[in-house]
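Chains as they are written, first to last, in my numbering: chain D, 1 to 267; chain U, 1001 to 1330.
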Amino acid sequence: MNIFVCIKEIQNPELSSEVFRVDEERKQVVPVPGMSLVSNPFDEQAMEAALRLRDAGIEVNITAVTLGPKSAQAALKRALSMGADSGILVSEDGLDTLDAVGVATALCRAMERSGPVDLVLAGRQGADWDAGIVGCAIAEILRIPMISFAKSLRIDSSNVIVERVLDQGFETVQAPLPCVVTIANELGEPRKASLRETMRAAKKPTVVYDGATLGVTSDFVRQSAARRARQRLFIPAKEGTCEMFTNGSAQDIAGRVAARLREAKCL
Amino acid sequence: MSSSTKDIVVVVESADGVPTGLSLELLALARQLAGRTGGAVCAVTLESSDAARAEMLATQGADRIFCAVHTHEQAYEAERWLPLLSEVIGRLPGAHVLLGHTALGAELGPRLALRLDGTVATACERVEIDDAANLVIQRQCFGGKAREVITLCKSPSVATVRARMYEPLAPAPRQAQVVTVALTSESQIRTRVIDRAVEAQTKGPRLETAKIVVGGGRGVGGPEGFRVLERLAEAVGAAVGASRVACDLGWCPPSRQIGLSGRTISPDLYIAVGISGASQHMAGCGKARAILAINSDPEAAIFKDATFGIVGDYQQIVPALIEQLTRASG
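Below, the structure written as structure tokens:
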């Protein structure tokens, strides 16, 4: 069974807001010097989901697939060190202007070139733009079913059975393969790279596709970028200062806070 | 058809047959947008067209109500909606589409946009119409550290909107046309729900829509600390949430996690107890109208984001607060 895990390399989302900067002119985030990129944590959970299927005794061939600059090889390497069998990098100058649909289209073409697609796993969203569109788009482009926000999954003959997070509770959903499943935070911590897999990672096959190979032409990129226009990217100003309640007993403080909350119509 | 008469389609989600609060907020937003485009507000519901329900949607802002009854009880929700919405939007060239940013909407919005060759923005906090009648949206990104403003340039433009960004309209009489749509594609259901477990939580309100939320973090010290927070929540009618650390430590179920990788809340008041205020947490509560932070560490980052702050031991502050808040309001 061929599992493709979509991985995006991003700036570390745990970066403190003190050092986070945007270039309002270019409407882009300013990279923090000396800070290396990481794999999107939600995508690492997707990788974990794939490995758990292998742990459960399913015969799986796991391919990590990413789109980005040449340096995004590092994200593939991390996936291979976790236990992926092979990697695909879609890389070409100018692809950073693609919208999510353009990215999904390019990823689909790359996956289809690498063999039949049985299961596509992706994190619920990238922890950079926080949009959560690519996974959904892949399902529509490949015209296959999709299940979002998976907490756990298992394979039963030719079906995937997913426990899925609802706004209030869970549901168990079944879809025939091939299928796209996006992974929720509730799946749990991804495993660390293992020594054994890290030693093997250098020998595992990775392939790099350029735009032309996948039909991602300059026209394609232009059309993709034109679907939406980013007008602004900014860091919101902090409003006001915190009103502190310090002196007095707990009862005193609670009394004053309660009065203030009522006055501010917060209750 | 002139681009200035774009209709606004609202996906009306229901719970137990009643439109959700968020759906009513979307109808109010749709009225604003339709006022700019000159189009109609078209509510789409997967419920029968009974007169009371239609009247309710009309008084909340709908000009036209498209309904279809799905008889395939096991069908996955997104697969129930996709054919109906494709059909309705196919009849309304140039329409914009609004959905709630829920477990359904977050998947359905992008899939719908893809299927109809449109464009989409998710988790929007503001939605407006520009002079070319395009949707312009504002949303959080980078874990709440930044905001972006995007113009959606391709029709149909789809926006999923967070809860409590807009107020529902005061009900006012309105004539609405009811259109029943026949669904022919039920046999195409591929994804089936085989079991559903609604969380056995205390009766309290839902995190996403609660007016008051009490959240606990590492500083709460353990699961028994959450019992204290639950008493406070019960006293003021609040929902209980937690930071990622508190969930990871098993003090609170993961489904109660507030933050980038959990739930997003936008209450009038968020009472954050023993929460340090990491940006990944603040991404989920930055839209609270006011934050009351209770923390024993005067240097905690949360005081930078909070409206009101108490430095002290929550074990003493919270019981006193319960007493004060119930005394005068009771």
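From the three backbone atoms N, C-alpha and C, an ideal C-beta is built for every residue, glycine too. What you are looking at is a predicted structure, and each value in this text was computed from that prediction instead of being measured.
Pairwise C-beta distances place the stretch 1140–1160 of chain U in contact with the stretch 1108–1120 of chain U, as three or more of them are shorter than 8 Å. Following the DSSP letters along the chain, one finds residue 146 (chain D) inside the beta strand (DSSP E) bounded by residues 146–156. In the three-state reduction of the DSSP assignment, residue 1140 (chain U) falls in the strand class, which pools E and B.
Residue contact with chain U for residue 2 (chain D): absent (no Cβ-Cβ distance below 9 Å to any residue of chain U). In the three-state DSSP reduction, residue 182 (chain D) falls in the strand class (E or B). A direct Cα-Cα distance of roughly 45 Å separates residue 96 (chain D) from residue 244 (chain D).
In this structure, residue 1176 (chain U) and residue 1062 (chain U) form a Cβ contact; the two beta carbons are roughly 5 Å apart against a cut-off of 8 Å. Sequence-distant Cβ neighbours of residue 249 (chain D) in its own chain, meaning closer than 8 Å and more than five residues away, do not exist here. As the crow flies, the alpha-carbon of residue 6 (chain D) is around 8 Å from that of residue 135 (chain D). Residue 1304 (chain U) and residue 175 (chain D) have their C-alpha atoms some 46 Å from each other. Under the 10 Å beta carbon count, residue 195 (chain D) is surrounded by fewer than 16 other beta carbons and is classified as exposed.
Listed along chain D are 227, 228, each with a C-beta nearer than 7 Å to that of residue 1119 (chain U). For the C-beta of residue 31 (chain D), not a single chain U residue is nearer than 9 Å; the gap to the nearest is close to 13 Å. Rounded to the nearest whole angstrom, the C-alpha separation of residue 1254 (chain U) and residue 1286 (chain U) is 20 Å.
By the neighbour-count criterion, in which 16 or more other beta carbons inside 10 Å mark a residue as buried, residue 158 (chain D) falls on the exposed side. Interface flag for residue 48 (chain D) against chain U is unset, since no Cβ pair is found closer than 9 Å.
Nearest CB-CB separation between residue 1226 (chain U) and chain D: not below the 9 Å threshold. The beta carbon of residue 83 (chain D) sits no closer than 9 Å to any beta carbon of chain U.
Going by DSSP, residue 6 (chain D) is part of the beta strand (DSSP E) stretching over 2–6. Annotation for residue 1031 (chain U): 1041, 1061, 1169 place their beta carbon closer than 7 Å to its own, counting only its chain and skipping 5 residues before and after. DSSP places residue 176 (chain D) in the uninterrupted beta strand (DSSP E) bounded by 169–176.
Listed by position along chain D, the residues whose Cβ is nearer than 9 Å to that of residue 1006 (chain U) form an empty set, because the closest Cβ is around 17 Å away. Under DSSP, residue 28 (chain D) forms a beta bridge with D:23. Identification of residues in the stretch 1069–1098 of chain U having a C-beta nearer than 8 Å to some C-beta of chain D yields 1076, 1078, 1079, given in sequence order. Contact between residue 47 (chain D) and residue 84 (chain D) holds, since their C-beta atoms are separated by about 7 Å, short of 8 Å.
Note: residue 1009 (chain U) is bridge-paired with U:1042, U:1097 in the DSSP secondary-structure output. The beta carbon of residue 184 (chain D) is closer than 7 Å to those of 124, 149, 150, 151, 165 in its chain, skipping five residues each way along the sequence. Cβ contact annotation for residue 64 (chain D) (same chain, cutoff 6 Å, sequence separation greater than five): 5, 7, 76, 79, 84, 87, in chain order. Within its own chain, the residues whose Cβ lies closer than 6 Å to the Cβ of residue 29 (chain D), once the five positions on either side in sequence are excluded, are 22, listed in chain order. Chain-ordered, the chain U residues with CB closer than 9 Å to the CB of residue 130 (chain D) read 1122, 1123, 1139, 1140, 1141, 1142, 1143, 1144, 1260, 1283.
Taking a beta-carbon distance threshold of 9 Å, residue 106 (chain D) does not count as an interface residue toward chain U. Not one beta carbon of chain D lies nearer than 9 Å to the beta carbon of residue 1252 (chain U). When secondary structure is reduced to three states using DSSP, residue 72 (chain D) falls in the helix class. DSSP places residue 1019 (chain U) in the strand class (E or B) of the three-state scheme. In the structure shown, the three-state DSSP call for residue 128 (chain D) is coil. In terms of beta-carbon proximity, residue 199 (chain D) stays away from the interface with chain U, with every pair separated by 9 Å or more.
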